[in-house]
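*Asks:*
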Amino acid sequence: MIFLEQEQFTDFPSGKHHYIDTLVDIKTLCAEPEKILVHVEFQSTRKSDFPLRMFRYFSQLRLRRDTPIWPIVLYMPKGSGGLGFEEYAETLFDRKFLPFCYWCIGLPELDAEEYLATQNPVAYGLAPLMNHGALSKPCLKALCLSGIAQSNINEVQAALLAYFVDTYLPLNEAEEEEFQELLQQEEVIAMQFITSWERQGIIKGRTEGELIARRETLLLQLQEKFGEVPSTVTQQVEAISSKGELEQLLRRLIRANSFAEMGLDGTRK
Numbered sequence: 088m089i090f091l092e093q094e095q096f097t098d099f100p101s102g103k104h105h106y107i108d109t110l111v112d113i114k115t116l117c118a119e120p121e122k123i124l125v126h127v128e129f130q131s132t133r134k135s136d137f138p139l140r141m142f143r144y145f146s147q148l149r150l151r152r153d154t155p156i157w158p159i160v161l162y163m164p165k166g167s168g169g170l171g172f173e174e175y176a177e178t179l180f181d182r183k184f185l186p187f188c189y190w191c192i193g194l195p196e197l198d199a200e201e202y203l204a205t206q207n208p209v210a211y212g213l214a215p216l217m218n219h220g221a222l223s224k225p226c227l228k229a230l231c232l233s234g235i236a237q238s239n240i241n242e243v244q245a246a247l248l249a250y251f252v253d254t255y256l257p258l259n260e261a262e263e264e265e266f267q268e269l270l271q272q273e274e275v276i277a278m279q280f281i282t283s284w285e286r287q288g289i290i291k292g293r294t295e296g297e298l299i300a301r302r303e304t305l306l307l308q309l310q311e312k313f314g315e316v317p318s319t320v321t322q323q324v325e326a327i328s329s330k331g332e333l334e335q336l337l338r339r340l341i342r343a344n345s346f347a348e349m350g351l352d353g354t355r356k
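First residue of the sequence shown? That's 88 in our numbering, and the numbers climb one at a time after it.
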């Protein structure tokens, strides 16, 4: 299975550019065809012109790739109908010809517990968009992320699925506390992908690391130009929490002739 680069299409005659969401090259278990392309579109709304757009995508992909295509649309709004087909057909003089069908999956009408039971990694990623039933949001999130962590998939695939869970299953403060308790109770395997609660810590740590590096650079430059740096100036520099302010001081250092001209006399608070 190979995820291909996004294909761009020009919508004639309007001239608008469209990109397909996902295109995957898959080898089949059959002798014929040996491989197919799975084209997946994600739709947050139902638009009347979408079937025509799917037909245009299909037609141009078939011409470009000369490979059988399996078109699928994942609908995220409620009332999308669960599993089924949609059709687009050209009509002329009340006659229908060239009918085009594609799979449609209305995620909100699918049962999350049923699909989680399949232990399919994709089900773990899409379950937040399904009908939760009796599952609470914290419980569902713990089940999904635990399932992804224990699935036999690579880190990139796990990160993508975890991103879906994190995006479509946000928790409030009380739910977050329940979620953390569930993780501890279940002894969930440490996950190798980044979710929101981890990202916040990483971003905070990265930002603090950049500030520390700039403070150290400024103190070294001050010592190089003016000699020994007074402890009051060191404390003043270490108290600066703005990256922009540190950058301004580094630029000011080029022309300054004293700590006072730098505004670093140890008296500023």
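Even glycine gets a Cβ: it sits at the ideal position worked out from N, Cα and C.
Measure how close the beta-carbons of Q310 and V316 come, nearest whole angstrom, since I'm counting them as under 8 angstroms.
*Replies:* 5 angstroms
*Asks:* For L179, which beta-bridge partners are listed by DSSP?
*Replies:* R182
*Asks:* Can you tell me the Cα-Cα spacing of Q267 and A229, whole angstroms?
*Replies:* 8 angstroms
*Asks:* Please state whether DSSP places L439 in a helix, a strand or coil.
*Replies:* In this structure the chain extends from 88 to 356, so residue 439 is not present and cannot be described.
*Asks:* Helix or strand or just coil, what does DSSP make of G350?
*Replies:* coil
*Asks:* Please work out which residues of its chain come closer than 8 angstroms, Cβ to Cβ, to Q244, disregarding the five sequence neighbours upstream and downstream, and give them in chain order.
*Replies:* P208
*Asks:* Here's a check: name, in chain order, each residue in its chain whose Cβ is nearer than 6 angstroms to the Cβ of T154, leaving out the five neighbours to either side.
*Replies:* L124
*Asks:* Checking 9 angstroms against the spacing of the C-beta atoms, do T319 and D352 come in under that value?
*Replies:* In this structure, T319 places its C-beta atom within 9 angstroms of the C-beta atom of D352.
*Asks:* DSSP beta-bridge partners for E128?
*Replies:* V160
*Asks:* Leaving out five residues before and five after I89 in sequence, what residues of the same chain have Cβ atoms less than 6 angstroms from its Cβ?
*Replies:* D112
*Asks:* Give the straight-line distance between the Cα atoms of Q74 and R339, rounded to the nearest whole angstrom.
*Replies:* Nothing can be reported for residue 74, as the shown portion of the chain is limited to 88 through 356.
*Asks:* Excluding sequence positions up to five away, which residues of its chain have a Cβ less than 6 angstroms from the Cβ of T109?
*Replies:* V127
*Asks:* Counting pairs of beta carbons, one from the stretch 188-196 and one from the stretch 159-167, are three or more of them closer than 8 angstroms?
*Replies:* These segments touch.
*Asks:* Just the C-alpha distance for C231 and R133, rounded to the nearest angstrom, thanks.
*Replies:* 27 angstroms
*Asks:* Strictly by DSSP, which residues pair up with N174?
*Replies:* For the record, residue 174 in the displayed sequence is Glu; it is not Asn. Answer by DSSP bridge pairing, in chain order: C188.
*Asks:* Measure the alpha-carbon distance for E264 versus P158 and round it to whole angstroms.
*Replies:* 41 angstroms
*Asks:* Quick one, which of K122, T205, E201, N239 has its alpha-carbon nearest A221's?
*Replies:* E201
*Asks:* Relative to the C-alpha of Y144, which candidate in I107, G331, E177, H219 has its C-alpha closest?
*Replies:* Comparing Cα-Cα distances from Y144 to each of I107, G331, E177, H219, the minimum goes to I107.
*Asks:* Quick check: what's the CA-CA separation for Y250 versus E92?
*Replies:* 19 angstroms
*Asks:* In whole angstroms, what is the alpha-carbon distance linking N218 and G169?
*Replies:* Distance from the CA of N218 to the CA of G169, rounded to the nearest whole angstrom, comes to 10 angstroms.
*Asks:* Got a sec? Which residues, its chain only, sit under 7 angstroms from L269 by beta carbon, not counting five neighbours each side?
*Replies:* P225, C226, A229
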